[in-house]
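**Student:** Got a structure for you, questions after.
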Amino acid sequence: MKTINITRLKKTALNIRRNTLISLAEAGSGHTGASLGLADVFTVLYFSVLNHDPKNPQHPERDRVVLSVGHVAPGWYATLAESGYIPQEELMSLRKLGSRLQGHPATDHGLPGLESSSGSLGQGLSVAVGMALADKMDGKNRKTFCIMGDGEMQEGSVWEAAMSASHHKLQNLVAIVDRNFLQIDGETGDVMSLTPLSKKWRSFGWDVRMCDGNSIEDLLHTFDTLLYENHPSIIIAKTLMGKGVKSIENDYLWHGRPPGREELEGFLEELGYDE
Amino acid sequence: MKNYKNKGNKPTKTGFGEGVLAAAGKNPNVVGIGVDITKSVSMDLFADAFPDRFISIGIAEQNAVGVSAGLALSGKVPVFATYAVFSALRTTDFIRVSVCYNNLHVIIGGAHAGISVGPDGATHQALEDIAIMRSLPRMTVLSPADATQAKMITEMAINELSGPVYIRFGREAVPDFTDEKQKLEIGKGQLLKSGNDLSLVATGHMVWEALQAAELLAASGIDARVINLHTIKPVDEDILIRAAKETGMIVTVEEHQVTGGMGSAVAEVVSQNHPARMKILGMPDRFGESGRPEELMEKYGFTAKHIYNETLKLLKK
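Which chain is which? The protein sequence lines are A and B, in order. Heads up: the first sequence is residues 302 to 576, going by the working numbering. Heads up: the second sequence is residues -18 to 298, going by the working numbering.
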């Protein structure tokens, strides 16, 4: 088993959160809540789980990631920068004219590390199913990961994709759900109930794991114990929207707004970022 | 005038299926996506020949498009076909974002297009698909006139084009008049008959009707040019501007809504380059209904006689 420096991973997640906030304040628009909530998932995925080479993003044997929940782009771009796909300073171009860092990820603009454009919820899992199917047909050993939001599960097409993944026994496919129980209008339970979410996925033929999506240790353990046998896997990662900035944690109003320039310093202090 | 002989009636969907089969025989990356009505859209020819390359997705068209995108991102050339009302309309946002925005070579087959589907009624009669598909950036929109053309165009679209492609075809057996040895080029309109009094521009099933209408007009001493616009996007501007300049009048004919279809594409070119009098024949902003195909074609004016009458009216104005 590879040795994993947990302290270092936590520092990486902190960097991602910090750079997410700075780029969002600079952009003046964008989705803060789930970008912060997913920082630990991104960290474990990109710094421990994925077989990838940021210096060779088109490597034919690379694992592939589909970011179905496209609006968390700011957090994901910060992860790409932290991994070395793009320069850190490029994060300041988020959502600006001519940028590779579009409001929602777009292959059109030549962003390394991006497999498929996203932003219209409920499409990414289908795309990931197609990728995993192709790999299976071609006898390739690599894996496909698909990151979705929990509100996204309200899109019916997610369940079409879920059905097809288990029908075709895509053991090379792993979905990750950002389970923060919030969406734009409020709590998922009020807007449109998703529970029992794990039972739904299990009944669709998936190997379901639950974990604390804001615990590096728990995420590492969960990814480590995935079986990759017969069934597609899904990790329901319970997170806090806005995780790391106490004053906005678990507040659905922070789904789609950026920190104001005047708020940024306070937020960074709350993160506990220490140069 | 060159005479076009009907080699025998044959559905354009059969031509599509034969084209997929031919393309797949030459290109091992071609994969087929099935959504339950495989035989009905002639994809059974491919599925029987290449069972390992045929992927069943069930009655889930949105997922079928997303899966096609994922396959194309992995180097496959997916062909996804179902009734046009589902393949083009139910799935539009999936096609827009996952296929067109990603600029992927996915072939979307729109079967049973037009009112000639008949007794199934309006839910199954796609009369809006050209308008929707041609408004999507990067999408190529093809609408072959007969089974032989459907085969040729489908094979070319799969193995020679890049980017997203929509191919429209019908269910009814219609006159098959194209010579297999004839040169056909995607993006180029086909001049079927020369003439200088006016131009009839038709697509799909209506091309044969336009040829018949030209004969009726000839009997009345009117020399009509006939153009088959099998490629609606990218549209052949040259052939249309020439028609406007040389004949001064254009009648378009399609089994589709008047709004936004092939006629609109022609009008966009003509109005901005060499304005000419135009009449757009098609469905006048309404739904179809059940009936035998020939009854519906008659009732809604998708016949040579109707084209002839409307052309005379326009000439008298």
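Yeah, the Cβ is synthetic: ideal placement off N, Cα and C, and Gly gets one too.
Which one of A:Gly399, A:Ser421, A:Gly411 and A:Arg365 has the shortest CA to CA distance from Val373 (chain A)?
**Tutor:** Checking every option, the nearest Cα to that of Val373 (chain A) belongs to A:Ser421.
**Student:** Could you give the first and the last residue of the continuous beta strand (DSSP E) run that contains Leu142 (chain B)?
**Tutor:** That residue, Leu142 (chain B), is in no beta strand (DSSP E); it is neither H nor E in DSSP.
**Student:** Nearest to Leu216 (chain B) by CA position, among B:Gly242, B:Ala128, B:Ile36 and B:Glu42, is which residue?
**Tutor:** Note that residue 216 (chain B) is Val in the sequence shown here, rather than Leu. The residue with the shortest Cα to Cα distance from Val216 (chain B) is B:Gly242.
**Student:** Just grab the DSSP bridge partners of Gly13 (chain B) for me.
**Tutor:** Its beta-bridge partners are B:Phe35 and B:Val60.
**Student:** Within 9 angstroms (strictly less), CB to CB, does Phe75 (chain B) reach chain A?
**Tutor:** So yes, Phe75 (chain B) belongs to the interface.
**Student:** Give me the residue from B:Lys169, B:Ala285 and B:Ile18 with the minimum Cα distance to Ile220 (chain B).
**Tutor:** The candidate whose alpha carbon is nearest that of Ile220 (chain B) is B:Lys169.
**Student:** Which ranges would you report for the beta strand (DSSP E) in the region 208 to 254 of chain B if only whole runs of at least 3 residues count?
**Tutor:** You should have 212 to 214 and 230 to 238.
**Student:** Can you give, in chain order, each stretch of the beta strand (DSSP E) that sits fully within the region 437 to 491 of chain A and has at least 3 residues?
**Tutor:** If we require 3 residues or more, the beta strand (DSSP E) runs fully inside the region 437 to 491 of chain A come out as 445 to 450 and 474 to 480.
**Student:** Any beta-carbon of chain A closer than 9 angstroms to the one on Val1 (chain B)?
**Tutor:** No, no contact with chain A.
**Student:** Would you call the region 191 to 205 of chain B in contact with the region 246 to 261 of chain B, where contact means no fewer than 3 C-beta pairs closer than 8 angstroms?
**Tutor:** With a cut-off of 8 angstroms, the region 246 to 261 of chain B and the region 191 to 205 of chain B do not count as touching, because too few Cβ pairs lie within range.
**Student:** Going straight from the alpha carbon of Gln193 (chain B) to that of Leu179 (chain B), what length do you get?
**Tutor:** Their Cα atoms are separated by approximately 15 angstroms.
**Student:** Starting from Asn(-10) (chain B), follow the beta strand (DSSP E) in both directions and report where the run begins and ends.
**Tutor:** First-last of the beta strand (DSSP E) with Asn(-10) (chain B): Asn(-10) to Pro(-8).
**Student:** Please report the straight-line C-alpha distance between Thr445 (chain A) and Pro118 (chain B), rounded to a whole angstrom.
**Tutor:** Going from the Cα of Thr445 (chain A) to the Cα of Pro118 (chain B) covers about 28 angstroms.
**Student:** So with CB distances below 7 angstroms, who are the chain A contacts of Gln130 (chain B)?
**Tutor:** Ordered by position in chain A, no residue passes the 7 angstroms Cβ test against Gln130 (chain B), which lies about 30 angstroms from the chain.
**Student:** Using C-beta distances below 7 angstroms, list every residue in its chain close to His186 (chain B), excluding the 5 sequence neighbours before and after it, in chain order.
**Tutor:** Excluding positions up to five away in sequence, the list reads Gly95, Ser97, Gly151, Val155 and Glu236.
**Student:** So, at 7 angstroms on beta carbons, what are the nonlocal neighbours of Val122 (chain B) in its own chain, with the 5 sequence-adjacent residues on each side left out?
**Tutor:** The answer, listed in chain order, is Ile111, Met114, Arg115, Tyr147, Ile213 and Lys214.
**Student:** Give me the subset of the region 393 to 421 of chain A whose CB atoms are less than 8 angstroms from a CB atom of chain B, sorted by chain position.
**Tutor:** For the region 393 to 421 of chain A, which is checked against every Cβ of chain B, the residues closer than 8 angstroms are Ala407, Thr408, Asp409, Glu416, Ser417, Ser418, Ser419, Gly420 and Ser421.
**Student:** Which residues of chain A have a Cβ atom closer than 7 angstroms to the Cβ of Asn44 (chain B), listed in chain order?
**Tutor:** Within 7 angstroms Cβ-Cβ: Ser427, Ser458, Glu461, Ala462 and Ser465.
**Student:** Which same chain residues end up closer than 7 angstroms to Val28 (chain B) when comparing Cβ atoms and leaving out the 5 residues on each side of it in sequence?
**Tutor:** Per the sequence presented here, residue 28 (chain B) reads as Ala, with Val not at that position. Gly13, Gly15, Thr19 and Phe35.
**Student:** Contact check, Ile88 (chain B) vs Ile38 (chain B) under 8 angstroms by CB: the rounded distance?
**Tutor:** Going by Cβ atoms, the distance from Ile88 (chain B) to Ile38 (chain B) rounds to 15 angstroms, so no, they are not a contact pair.
**Student:** Return helix, strand or coil for Val87 (chain B), following the three-state DSSP convention.
**Tutor:** Looking at Val87 (chain B) - three-state DSSP - the assignment turns out to be coil, as it is neither helix nor strand.
**Student:** So which of B:Met137, B:Ile222 and B:His287 has the shortest CA-CA distance to Glu(-1) (chain B)?
**Tutor:** With distances taken between Cα atoms, Glu(-1) (chain B) lies closest to B:Met137.
**Student:** Taking all protein chains shown into account, decide if Met302 (chain A) is buried (16 or more other Cβ within 10 angstroms of its Cβ) or exposed.
**Tutor:** Any reading at Met302 (chain A) must be qualified, since the residue scores a pLDDT of 43, below 50, and its modelled position is unreliable; the value itself is stated next. Its Cβ having fewer than 16 others within 10 Å, Met302 (chain A) is exposed.
**Student:** Taking the C-alpha atoms as reference points, what is the distance between Pro(-8) (chain B) and Gly440 (chain A)?
**Tutor:** So the alpha carbons of these two residues sit roughly 38 angstroms apart.
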